[in-house]
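Just below is one structure, and these are the notes that go with it.
Residue numbers (this note's numbering), protein chains in the order written: chain A, 380 to 472; chain B, 29 to 338.
Okay, structure coming up:
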């Protein structure tokens, strides 16, 4: 199984059209292998991004550099997946 | 095996095999209302089953509901299971639903992307697309909600097979999409088409490929707003209502754009709830509250469709 150890999901509460544009540029950045759960479209909607562990520091630097505020909503995705899997196995039993 | 729908845990996530097996149980317990029909096979040759709720007649006006076209949106498949059980058990008890089923049929496709769903259980919980292969690319899968013949290949879809919004080589190239198209077209009397996604609390209507209003926009908007008011009455979950293009983003090749353009006026797409902290990893204890509130909105749409024949 693919594992997501250390991957984080961050939420950006978009403030302006300028933020949207910086996030859209981030979306086009394929080498960081970002998984946009909610895409940057307008200042009215938040953006959720799953960031692989290997890209975390680069992405956070990018966001800080453009003064884009974010919060970490899932600190370690694999921990949640492990909990989900354990719960499913328990239910199955 | 689950021996009875009563012992089935609707508040848990299940594998494809368990859900398919549960369908047989549902059919066995409601033989005069529910049938399981195979509408075709997936790319990896898994059967695709619809549950048909019908009290008789031939090609009655019908309502289509699909869930889980994006496989990682697990709360949608789980909500589909709960909803199917709700329809079966409320028939004969709930006057409004009973009157609806006495004149119309409901078709439910709970696992619209079976290969993707299995893949989320076995390999990659974050998988969204189908699992088809394309010559010339190492990447697999097309986004089945960019693959419909509605503005196919336009804005908001990617031509890169390695991206999550890859539209596929041609419209209806994905067999999972083609199977649904074939059923809807051969039936010819669907009056409503509802796709269920997660997450972000939205109720949308066409179009996604264009930001111009559709001719029925005022009516769809008003039905949608009334539906989400009912939804919010249970737990206060707040939904936005609008066209796909205007409330999220321009996206071409979507299912409800296709259904609307082939003449199914009451076409809607749901994005179910998130608690704001989990995204696609919504804890299982949220399944039943999500399904319960969604049912209120769904029922409003179903009743409206019943009361406004066209």
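Glycine included, each C-beta is placed from N, C-alpha and C at the ideal position.
Query: Classification of residue 465/A by the beta-carbon crowding that lies within 10 angstroms, buried from 16 upward; Result: exposed
Query: Beta-carbon proximity of residue 141/B to residue 99/B, cut-off 9 Å; Result: yes
Query: Spatial distance of residue 30/B from residue 81/B (CA atoms); Result: Because the pLDDT at residue 30/B is just 46, under 50, the model does not fix this residue reliably, and the point stays unresolved.
Query: The stretch 103-122 of chain B touching the stretch 318-335 of chain B, judged by at least three CB pairs closer than 8 Å; Result: yes
Query: Contact belief for residue 309/B with residue 459/A at Cβ below 8 Å, rounded distance in angstroms; Result: 5 Å
Query: Extent of the continuous alpha helix (DSSP H) to which residue 229/B belongs; Result: That residue, residue 229/B, is in no alpha helix (DSSP H); it is neither H nor E in DSSP.
Query: Within 9 Å, strictly: CB atoms of residue 248/B and residue 293/B; Result: yes
Query: Distance, residue 97/B Cα to residue 145/B Cα; Result: 9 Å
Query: Three-state secondary structure (DSSP) of residue 385/A; Result: coil
Query: Euclidean distance between Cα positions of residue 135/B and residue 261/B; Result: 26 Å
Query: Distance between residue 303/B and residue 157/B (C-alpha atoms, nearest Å); Result: 24 Å
Query: Extent of the continuous alpha helix (DSSP H) run through residue 189/B; Result: That residue, residue 189/B, is in no alpha helix (DSSP H); it is neither H nor E in DSSP.
Query: Residue 452/A, DSSP secondary structure in three states; Result: strand
Query: Supposed close pair residue 280/B, residue 185/B - CB separation, criterion 8 Å; Result: 5 Å
Query: Whole-Å CB distance - residue 398/A paired with residue 447/A, under 8 Å assumed; Result: 5 Å
Query: Nearest-angstrom Cα separation, counted from residue 422/A out to residue 404/A; Result: 15 Å
Query: Ordered list of alpha helix (DSSP H) runs contained in the stretch 91-169 of chain B, each at least 4 residues; Result: 102-118, 123-129, 142-150
Query: Below-9 Å beta-carbon distance, residue 49/B vs any chain A residue; Result: no
Query: Proximity winner among 73/B, 131/B, 51/B, relative to residue 337/B (alpha-carbon distances); Result: 131/B
Query: Three-state secondary structure assigned by DSSP to residue 29/B; Result: With a pLDDT of 46 at residue 29/B, under the threshold of 50, the modelled position of this residue cannot be trusted; read the value that follows with caution. Residue 29/B falls in the coil class under three-state DSSP.
Query: Interfacial residues, the stretch 237-255 of chain B to chain A, with Cβ spacing under 9 Å; Result: none
Query: Residues from the stretch 133-148 of chain B in contact with chain A, defined by Cβ distance under 8 Å; Result: none
Query: Chain-ordered neighbours of residue 435/A on chain B, where CB pairs are closer than 8 Å; Result: None at all; the shortest Cβ gap to chain B is about 16 Å.
Query: Start-to-end residues for the alpha helix (DSSP H) that takes in residue 286/B; Result: 283-289
Query: Member of 330/B, 335/B, 307/B whose CA lies at the smallest distance from the CA of residue 102/B; Result: 307/B
Query: Proximity to residue 189/B [Cα-Cα], best of 179/B, 173/B, 166/B, 202/B; Result: 166/B
Query: Nearest candidate by alpha-carbon position, reference residue 221/B, set 270/B, 171/B, 288/B, 193/B; Result: 288/B
Query: Contact the stretch 41-49 of chain B vs the stretch 113-127 of chain B: 3+ CB pairs below 8 Å; Result: no
Query: Burial state of residue 161/B, where buried means 16 or more other Cβ atoms lie within 10 Å; Result: exposed
Query: Length of the line joining the Cα atoms of residue 133/B and residue 286/B; Result: 21 Å
Query: Interface residues of the stretch 448-462 of chain A facing chain B [CB-CB below 9 Å]; Result: 452, 453, 456, 459, 460, 462
Query: 8 Å contact criterion, which residue 252/B and residue 296/B should meet: CB distance rounded; Result: 7 Å
Query: Rounded C-alpha distance that separates residue 64/B from residue 401/A; Result: 48 Å
Query: Any alpha helix (DSSP H) of 4 or more consecutive residues that is wholly inside the stretch 271-337 of chain B; Result: 272-275, 283-289, 315-335
Query: Cβ-Cβ separation, residue 246/B to residue 272/B (assumed contact under 8 Å), whole Å; Result: Going by Cβ atoms, the distance from residue 272/B to residue 246/B rounds to 17 Å, so no, they are not a contact pair.
Query: Local conformation of residue 246/B per DSSP, three classes; Result: helix
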